[in-house]
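Each residue of the sequence shown is one higher than the one before, starting from -11 at the first, in my numbering.
Don't be surprised by glycine CBs; every beta carbon is placed ideally from N, CA and C.
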Amino acid sequence: MTRARIRVIKVGGSLLECEQLPQLLTRWLAQADDDHANEASEKVARVDILIAGGGTLAEHVRQLDKRFALDSETSHWMSVSAMSCTSRLLASLLNAGPPCERWDDLQVIVSGGRSQLTVFDAQQWLTEMEGSHPGIRLTHDWQTTSDSIAGRLARVLCADELVLLKSTDIPTGIDWRAATEQGLVDGRFLQIAAELPRVVCVNLRQFEDPPATASRPLSDAAPSPEATR
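In structure tokens form, the structure reads like this:
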């Protein structure tokens, strides 16, 4: 049986407040799948695993952190809990059924050999298993947000691609180091991206009036990351 192509998709928290999110995501998925179909020599099943950013819930944790000077470990796990909430919101908005919460269940989905889209609530995996996998491990502080969590998941699953869906463009000619310095990705992401075969950034709001999209490379040590406008 041919291995399914695995794509981990991080949906930025700010997009969860966009009323058109289901339509925008559907448009982008259709175009992305068409692009891959044109490139592929044979039809291959695709497994899409969606990770939701923490959004305004995670921002509230940041405010509490500043107000009460919380330790980094506490703030990290509060933010992970926020992502658990937003994963349920994302699954509801997409009518995707309940989020997958167990690592064993995700393994079944990935190895099932058929095309599927699922929202993954990473909380149980992060608390119980993430540190046991090979590769660059996540830190439990504000250097690690949903960008790096999605990247780490992509690394562990040996995903073919990581996609970061955001509300803004990645400026032309920028690399991951500069993107980190400008706050476009978190502080851990540069190291995480270096372990991945393909990273793509998409401004999903560009699909509100769907133009033709184009991919362009970002220069850095990480293998051929790209930004799609």
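Could you tell me whether the region 171 to 185 touches the region 143 to 162, where touching means 3 or more Cβ pairs closer than 8 angstroms? yes
In this structure, how does DSSP classify Glu227 when only helix, strand and coil are distinguished? There is simply no residue 227 to check, as the chain begins at -11 and stops at 217 in what is shown.
Identify, in the order they occur along the chain, each residue of the same chain with its Cβ nearer than 6 angstroms to the Cβ of Arg102, setting aside the five sequence neighbours on each side. Ala33
If you draw a straight line from the C-alpha of Thr132 to the C-alpha of His64, how long is it? 8 angstroms
Apart from the five residues on each side of it in sequence, which residues of its chain come closer than 7 angstroms, Cβ to Cβ, to Ser136? Leu126, Asp174, Arg176, Phe177 and Ile180
Here's the rule: buried if 16 or more other CB atoms are within 10 angstroms of the residue's CB, otherwise exposed. What is Phe56? exposed
If you check the beta carbons only, do Leu220 and Lys(-2) fall under 9 angstroms apart? Residue coverage of the chain in this structure runs from -11 to 217, which leaves residue 220 outside it and unanswerable.
Are at least three pairs of beta-carbons, each pair with one atom in the region 158 to 169 and one in the region 115 to 125, less than 8 angstroms apart? no
Once DSSP output is grouped into helix, strand and coil, what is the label at Glu7? coil
With distances taken from CA atoms, which of Trp130, Cys146 and Arg186 is nearest Lys54? Trp130
Cα-Cα separation between Glu214 and Ala20, rounded to whole angstroms: The predicted model places Glu214 with a pLDDT of 48, which falls under 50 and marks its position as unreliable, so this point remains unresolved.
Would you identify the three-state DSSP class for Val173, choosing helix, strand or coil? coil
Going by beta carbon distance, what residues of the same chain come within less than 6 angstroms of Gly41, once the five residues before and after it are set aside? Gly0, Gly1 and Ser134
Pull the bridge partners of Thr277 from the DSSP assignment, please. Any property of residue 277 remains undetermined from this structure, which presents the chain solely from -11 to 217.
Report yes if the C-beta distance between Leu9 and Leu192 is below 9 angstroms; otherwise report no. yes
Which residue comes first and which comes last in the alpha helix (DSSP H) that contains Trp97? Residue identity check: residue 97 is Ile in the sequence provided, not Trp. Looking at the DSSP string, the run of the alpha helix (DSSP H) that includes Ile97 is Trp91 to Val98.
Cys73 versus Ile39: straight-line alpha-carbon distance, rounded: 11 angstroms
With H, G and I counted as helix, E and B as strand and the rest as coil, what does DSSP make of Leu150? strand
Cβ of Arg(-5) within 9 angstroms of Cβ of Asp22? no
Between the CA atoms of His128 and Cys6 - distance to the nearest angstrom: 29 angstroms
Give me the Cβ distance between Val107 and Ser75, rounded to the nearest whole Å; I'm assuming they're in contact under 8 angstroms. 5 angstroms
Between which residues of its own chain and Arg(-7) is the CB-CB distance below 6 angstroms, once the five residues before and five after are set aside? Val32, Arg34 and Asp148
Mapping DSSP to helix, strand and coil, what is Ala158? Per the sequence shown, the amino acid found at residue 158 is Ile instead of Ala. Coil at Ile158, not helix or strand.
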